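Those protein sequence lines, which keep their order, are chains A and B.
Positions 563 to 741 (the working numbering) are the ones given, in order, by the first sequence.
Positions 56 to 230 (the working numbering) are the ones given, in order, by the second sequence.
Note that beta-carbon positions come from the ideal geometry of N, C-alpha and C, so glycine has one too.
Note that the structure is predicted; figures quoted are calculated from it, not measured.
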Amino acid sequence: MKAIKIFAVRSDILRLLKTLEAGTEIKYIKADSSSVPTIQQWSHGSDLPKLGIADGSQSNLCQSYLLSYPDLIVQPRQIEQPDGTLRFDVDQLNNPDSIVFTPAGEWKDKVILAGSFGTASLSPASQSLMKAVAAAVRKNFSKVRAFWVGPEALAQWKSGKRLTIAEQSPSVYDLQEED
Amino acid sequence: MRLFPDREIHRSFFLTVNNSFVFFRNSVCQLNSVFLARRIRRNTCARSFAQLRHFCRYFASHCSSRLVSQRRIQLPPPARWLRVADALENSGYKVTNGAGRGPEEWIPGPKGGTEGGTFVDVTAKKGGATIRIQTITTLADGKTPTPAEQAAAARIRQAFPKDKLYLIPKQVQQN
């Protein structure tokens, strides 16, 4: 299982993560780059900063988190930069027993950007997490074309808000009603 | 390391498919076998038959999931993507999707549908800018993308008109 694409606002994501946390114990790790090997992690989705508020004009620029079981020891990856300094990235390459969660969400009150759960890893832990997420998504969200849409996002979409992958994308890529 | 010449790998794949033909038959509607065979050849040259069989079973068992995006198979990222991603990171970019760092970015088809969707090999960001790298199959001249690759590139450009897209011929990457 590779990716689940979602459109959700804060209340949708909280509801989804609550269902997920009720079924299995997980932790959230900030997938970030920094000059020091710091790892920020949380036990509850409700503690994640600015949840449901997009950080950029496209999903790719939004903050991502690794979701894993609590026993995962996070391994940052050391990368040498052009100026000779070191950078430490937290991603799936050194942490295959995880999945990547990008909530994205509302951007400038104009659009709701697509978020996702996904993995590049075949590890049993990662696949098991994807299955748990899939079950929670099915329980809380509705399927519209290729995306799973949260109830509040669905209501905002029906009242005219854009649900899209990027602010710059032409409207042909916006989510539209099924024919 | 290459345990098998390409042709043998190719044959072994079809052998595996034939051995579990019924298993695959229901899933094959989503499967472009030429694409898959090419992908397997590209990615699994160093794999044993047992690993290849395991992969085929894994692939088949995941075909039925409704939540899975269009691409139904997962393999370790090819070395060329890793090299591209390493080069980007050493230049200050943060690779957000692809090359084992995370799932590949997927661009939906028109109206947010699955049909006409495209995967991007590597997506990276630096500051507020995003770049996308697509490794492409070319025609015999080694430069012109095949029609399928051209169409995929056009879809990516259309979806993100303000971002940069780089196309790298696979032959160049292998050298």
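- Leaving aside the five residues before and after Leu-648 of chain A along the sequence, list all residues of the same chain whose C-beta is less than 8 Å from its C-beta, in chain order. Counted from its first residue, the first sequence places residue 648 of chain A at position 86. Excluding sequence neighbours, Leu-648 of chain A sits near Ser-597, Gln-640, Ile-641 and Glu-642.
- Message: Here's a check: name, in chain order, each residue in its chain whose Cβ is nearer than 7 Å to the Cβ of Thr-664 of chain A, leaving out the five neighbours to either side.
- Response: Along the first sequence, read from residue 1 onward, the residue named residue 664 of chain A stands at position 102. Cβ neighbours of Thr-664 of chain A beyond the five flanking positions: Ser-621, Cys-624, Ser-626, Gly-677 and Ser-678.
- Task: With DSSP as the reference, please indicate the residues paired to Gln-603 of chain A in a beta bridge.
- Result: Working through the first sequence from its first residue, we reach residue 603 of chain A at position 41. Answer by DSSP bridge pairing, in chain order: A:Ile-591.
- Any 3 or more C-beta pairs closer than 8 Å across the stretch 629-636 of chain A and the stretch 566-576 of chain A: no
- Query: Which same chain residues, not among the five before or five after Ala-655 of chain A, have their C-beta less than 7 Å away from its C-beta?
  - Reply: Mapped onto the first sequence, residue 655 of chain A falls at position 93. The sequence shown places Leu at residue 655 of chain A, not Ala. Closer than 7 Å at Cβ, skipping near neighbours: Arg-639.
- Under 8 Å from the C-beta of Thr-178 of chain B: neighbouring residues of chain A: Translated into positions along the second sequence, residue 178 of chain B becomes position 123. Going along chain A in sequence order, the residues near Thr-178 of chain B (Cβ under 8 Å) are Asn-622.
- If Ser-690 of chain A sits next to Pro-658 of chain A, beta carbons under 8 Å apart, how far is it from one beta carbon to the other, in whole angstroms? To locate residue 690 of chain A, count along the first sequence from 1; it is residue 128. To locate residue 658 of chain A, count along the first sequence from 1; it is residue 96. No, Ser-690 of chain A and Pro-658 of chain A are not in contact; Cβ-Cβ is about 13 Å, not under 8 Å.
- If you check the beta carbons only, do Glu-714 of chain A and Asp-574 of chain A fall under 7 Å apart? Along the first sequence, read from residue 1 onward, the residue named residue 714 of chain A stands at position 152. Along the first sequence, read from residue 1 onward, the residue named residue 574 of chain A stands at position 12. In contact: Glu-714 of chain A and Asp-574 of chain A (Cβ atoms closer than 7 Å).
- Reduced DSSP category for Val-598 of chain A - H, G, I as helix; E, B as strand; rest coil: Residue mapping note: residue 598 of chain A aligns to position 36 of the first sequence, counting from 1. Val-598 of chain A: coil per DSSP, three-state reduction.
- Determine the extent of the alpha helix (DSSP H) in which Arg-210 of chain B is found, giving its start and end residues. As a first step, residue 210 of chain B must be located in the second sequence, where it is residue number 155. Where Arg-210 of chain B is concerned, the enclosing alpha helix (DSSP H) stretches over 202-214.
- Item | Rounded straight-line distance, which links the Cα of Gln-602 of chain A to that of Gly-197 of chain B | One-based indexing of the second sequence puts residue 197 of chain B at position 142. One-based indexing of the first sequence puts residue 602 of chain A at position 40. If you take the alpha carbons of Gly-197 of chain B and Gln-602 of chain A, they lie about 46 Å apart.
- Starting from Ile-674 of chain A, follow the beta strand (DSSP E) in both directions and report where the run begins and ends. Here residue 674 of chain A corresponds to residue number 112 of the first sequence, with the count starting at 1. Where Ile-674 of chain A is concerned, the enclosing beta strand (DSSP E) stretches over 673-675.
- Message: So with CB distances below 9 Å, who are the chain B contacts of Leu-579 of chain A?
- Response: Here residue 579 of chain A refers to the residue found at position 17 when the first sequence is read from its first residue. In chain order: nothing, as chain B lies at least about 17 Å away.
- Message: Residues of chain B with CB closer than 8 Å to the CB of Gly-618 of chain A, please, in chain order.
- Response: By one-based count along the first sequence, residue 618 of chain A stands at place 56. Near Gly-618 of chain A (Cβ distances below 8 Å), the residues of chain B are Gly-183.
- Short Cβ contact (7 Å threshold) for Gly-607 of chain A with Leu-629 of chain A: In the first sequence, residue 607 of chain A corresponds to position 45, counting from 1. In the first sequence, residue 629 of chain A corresponds to position 67, counting from 1. Cβ distance not < 7 Å, so Gly-607 of chain A and Leu-629 of chain A don't count as in contact.
- Going along the chain, which residues of the stretch 696-707 of chain A sit with their C-beta nearer than 9 Å to a C-beta in chain B? Ala-696, Val-699, Arg-700, Lys-705, Val-706 and Arg-707
- Item | Beta carbon proximity, Ala-682 of chain A to chain B, threshold 7 Å | Position 120 of the first sequence holds residue 682 of chain A. Output row for Ala-682 of chain A: interface = yes.
- Query: What span of residues does the beta strand (DSSP E) with Leu-737 of chain A cover, start to end?
  - Reply: Working through the first sequence from its first residue, we reach residue 737 of chain A at position 175. Unbroken run through Leu-737 of chain A: none, as it is neither H nor E.
- Closer than 7 Å, Cβ to any Cβ of chain A: which residues of the stretch 160-174 of chain B, in chain order? Glu-160, Trp-161, Ile-162, Pro-163, Pro-165, Lys-166, Gly-167, Gly-168, Thr-169 and Gly-172
- Task: At 3 residues or longer, and completely inside the stretch 642-704 of chain A: list those beta strand (DSSP E) runs for me, N to C.
- Result: 648-651, 660-664, 667-669, 673-675 and 677-680
- For the beta strand (DSSP E) holding Gln-189 of chain B, just list the boundary residues, first then last. Counted from its first residue, the second sequence places residue 189 of chain B at position 134. First-last of the beta strand (DSSP E) with Gln-189 of chain B: 184-191.
- What are the boundary residues of the beta strand (DSSP E) that Ile-575 of chain A is part of? Here residue 575 of chain A corresponds to residue number 13 of the first sequence, with the count starting at 1. From DSSP, Ile-575 of chain A is part of no beta strand (DSSP E) but of the alpha helix (DSSP H) over 572-585.
- Task: Output, in sequence order along the chain, the residues in the stretch 724-737 of chain A whose CB is closer than 9 Å to any CB in chain B.
- Result: Leu-725, Thr-726, Ile-727, Ala-728, Gln-730, Ser-731, Pro-732, Val-734, Tyr-735, Asp-736 and Leu-737
- Query: Is the CB-CB distance between Arg-577 of chain A and Leu-613 of chain A below 7 Å?
  - Reply: Position 15 of the first sequence, counted from the start, is the residue given in the question as residue 577 of chain A. Position 51 of the first sequence, counted from the start, is the residue given in the question as residue 613 of chain A. Contact flag unset, no.
- Going along the stretch 590-601 of chain A in order, which residues come within less than 7 Å of chain B, judged by CB to CB distance? Hits within the stretch, in order: Ser-595.
- Message: Contact criterion: CB-CB distance below 7 Å. Does Pro-158 of chain B meet it with respect to chain A?
- Response: One-based indexing of the second sequence puts residue 158 of chain B at position 103. Closer than 7 Å to some Cβ of chain A, the Cβ of Pro-158 of chain B qualifies, so yes.
- Query: Going by other Cβ atoms of all chains shown within 10 Å of its Cβ, with 16 needed for buried, is Gln-748 of chain A buried or exposed?
  - Reply: Since the displayed chain A opens at 563 and closes at 741, residue 748 of chain A lies outside it and no answer follows.
- Quick one: does Ile-641 of chain A have its CB under 7 Å from some CB of chain B? In the first sequence, residue 641 of chain A corresponds to position 79, counting from 1. For Ile-641 of chain A, the answer is yes, since a Cβ of chain B falls inside 7 Å of its Cβ.
- Task: From the DSSP output, read off the bridge partner residues of Asn-145 of chain B.
- Result: For the purposes of this step, residue 145 of chain B is taken as residue 90 along the second sequence, with counting starting at 1. Note: Asn-145 of chain B sits in no beta bridge, so no partner.
- Task: Decide yes or no for the touch test of the stretch 136-144 of chain B against the stretch 173-192 of chain B: beta carbon pairs closer than 8 Å, at least 3 of them.
- Result: yes
- Message: Please classify Asn-145 of chain B as buried or exposed, where buried requires at least 16 other C-beta atoms within 10 Å of its C-beta.
- Response: Here residue 145 of chain B corresponds to residue number 90 of the second sequence, with the count starting at 1. By the neighbour-count rule (16 or more Cβ atoms within 10 Å), Asn-145 of chain B is not buried but exposed.
- Buried or exposed: where does Leu-716 of chain A fall if 16 or more other Cβ atoms within 10 Å of its Cβ makes it buried? Counting from 1 along the first sequence, the entry for residue 716 of chain A is found at position 154. The residue in question, Leu-716 of chain A, is buried, as its Cβ has 16 or more Cβ neighbours within 10 Å.
- Task: Kindly give me the distance between the Cβ atoms of Arg-724 of chain A and Lys-672 of chain A, rounded to whole angstroms, as I take these residues to be in contact under 8 Å.
- Result: For the purposes of this step, residue 724 of chain A is taken as residue 162 along the first sequence, with counting starting at 1. For the purposes of this step, residue 672 of chain A is taken as residue 110 along the first sequence, with counting starting at 1. Rounded, the Cβ-Cβ distance is 7 Å, consistent with contact.
- Item | Burial state of Asp-176 of chain B (16 or more Cβ within 10 Å) | Looking up residue 176 of chain B in the second sequence gives position 121. The residue is buried, with at least 16 neighbouring Cβ atoms inside 10 Å.
- Item | Sheet register partners of Ala-179 of chain B (DSSP bridge) | Residue 179 of chain B sits at position 124 when you count from the first residue of the second sequence. Answer is B:Val-150 and B:Ile-186, bridged to Ala-179 of chain B.
- Query: Can you list the residues of chain B that Phe-742 of chain A reaches, using a CB-CB cut of under 9 Å?
  - Reply: Residue 742 of chain A falls outside the range modelled here, since chain A spans only 563 to 741, and no answer is possible.
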